[in-house]
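Peer 1:
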Amino acid sequence: MSATAENVAPVVKKKGKGGLLAILAVAVIAIGAGGFFLLHKKGAEEAKPVHREALYQAMDPGFVVNFQDDRALRFLQVGITVMSHDPEAIQAVKDTDPVIRNALVMLFSGQDATTLTDAKGKQKLQAEALAAVQKIVAEKTGKPGIDALYFTSFVMQ
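Number 158 marks the last residue of the sequence shown (the working numbering); no jumps.
Encoded structure:
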């Protein structure tokens, strides 16, 4: 009977050590996998660059339109630059230049001289021009993309 007891005792000890080794192996694998996924996720976030620098695109040449005043035929010359933080949006402005220019010429030629003589009228026109450009860029890229539109020159005659 002692031979049977000797045979059982080593088997039980081996199972205990094997179970402990299995638990340690699972723990090491879990920690390693967790670390891998954490580093991989961080690496993926770093690989996706976020462009925070302002990018500018001038609409050259400037816009020259005529419009009717109560007393005479008037002219408006406007220089425009758009700003975005998205390089894709700047490229969309370049790609759709004729469409944007058409929309802005139509907008500018429909203005009233008395409205454009004060700052509020110019700011309203600036907001309308920005909305027109954002709409065209959104049709191309799926997002407005353009953050601002600046009048770099504004001459009425």
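Just so it is clear, CB atoms sit at the ideal spot from N, CA and C, and this is done for glycine as well.
Applying the criterion that 16 or more other CB atoms from any shown protein chain within 10 Å of the CB defines a buried residue, is Q112 buried or exposed?
Peer 2: The residue is buried, with at least 16 neighbouring Cβ atoms inside 10 Å.
Peer 1: Can you tell me whether K14 is buried or exposed, with buried defined as 16 or more other CB within 10 angstroms of its CB?
Peer 2: Reliability of the predicted coordinates at K14 is poor, the pLDDT of 49 falling under 50, and no value is obtained from them.
Peer 1: Do three or more CB pairs link the stretch 63 to 72 to the stretch 123 to 132 at distances below 8 Å?
Peer 2: Flag = no, the stretch 63 to 72 and the stretch 123 to 132 do not touch.
Peer 1: Using 8 Å as the threshold, is the C-beta distance between V156 and I147 below it?
Peer 2: Cβ atoms of V156 and I147: not closer than 8 Å.
Peer 1: Report all residues from its chain with a CB closer than 6 Å to the CB of Q58; omit the five preceding and five following residues, and keep chain order.
Peer 2: So the list reads V83, I91 and V94, once near-sequence residues are dropped.
Peer 1: For G153 versus I81, is the C-beta distance shorter than 8 Å?
Peer 2: Residue 153 is actually Thr in this sequence, not Gly. Yes, they are a contact pair.
Peer 1: If you follow the beta strand (DSSP E) that L56 is part of, which residue opens it and which one closes it?
Peer 2: L56 to Q69 is the span of the beta strand (DSSP E), which, as asked, contains L56.
Peer 1: Around the C-beta of M60, are 16 or more other C-beta atoms found within 10 angstroms, so that it is buried, or is it exposed?
Peer 2: So M60 counts as buried.
Peer 1: Is the beta carbon of D96 closer than 8 Å to that of K136?
Peer 2: No, Cβ-Cβ distance for K136 and D96 is not below 8 Å.
Peer 1: So what does F76 bridge to, in DSSP terms?
Peer 2: Partner(s): N67.
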